[in-house]
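*Asks:* In this note's numbering, the protein residues as written are 57 to 205. Glycine included, every Cβ here is placed at the ideal spot set by N, Cα and C.
(1) Determine the contact status of residue 193 and residue 168, defining contact as a CB-CB distance below 8 Å.
(2) The alpha helix (DSSP H) with residue 128 in it runs from where to where?
(3) How is residue 176 classed by DSSP in three states: helix, strand or coil?
(4) Just to confirm, are residue 176 and residue 137 a CB contact at a threshold of 8 Å?
(5) Only counting the same chain, and skipping five residues up and downstream in sequence, which positions put a Cβ closer than 6 Å to that of residue 133?
(6) Taking the CB atoms as reference points, tell me whether residue 100 and residue 120 lie closer together than 8 Å.
(7) With DSSP as the reference, label residue 196 as helix, strand or coil.
(8) Quick one: Cα of residue 96 to Cα of residue 186, how far?
The structure is reproduced here in structure tokens:
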């Protein structure tokens, strides 16, 4: 009986691991789709996309701000003029170690407190959230991305 339980438990762990890997790949695919779609709507250079996605810099340009708003809306991170912080946290955490997930949690808490929720311009709101995330990303020592698209 113990052998059966051990085999069953191993099978469940493998199934869950494969499911989580698929989930991470789905998140990456959805991000790529959102970026592609919003890049068709808003004129933004590939260099700017790479800089933003690799957590290097968010250029202070209104078209880029609106591109960010489009991406956040497409990903469900911005709805009805409000940042959906829990969605941001959950999407951002995929693929990170437990230690780095805790840092993402900290960034979310900081930015939720610092980003002005009363901002009516969704482009500016998205930009403020992205800048806050990026500044704290660097302060907490999270790795740069490896976006190449």
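*Replies:* Considering the structure as presented:
(1) Going by C-beta atoms, residue 193 is not nearer than 8 Å to residue 168.
(2) Where residue 128 is concerned, the enclosing alpha helix (DSSP H) stretches over 118 to 130.
(3) Look at residue 176 here: in three-state DSSP terms it is coil, with no helix or strand label.
(4) One thing to note: residue 176 has its Cβ within 8 Å of the Cβ of residue 137.
(5) Excluding positions up to five away in sequence, the list reads 140, 143 and 144.
(6) A contact, by the Cβ cut-off of 8 Å.
(7) Three-state result, residue 196: coil.
(8) So the two alpha carbons sit approximately 20 Å from each other.
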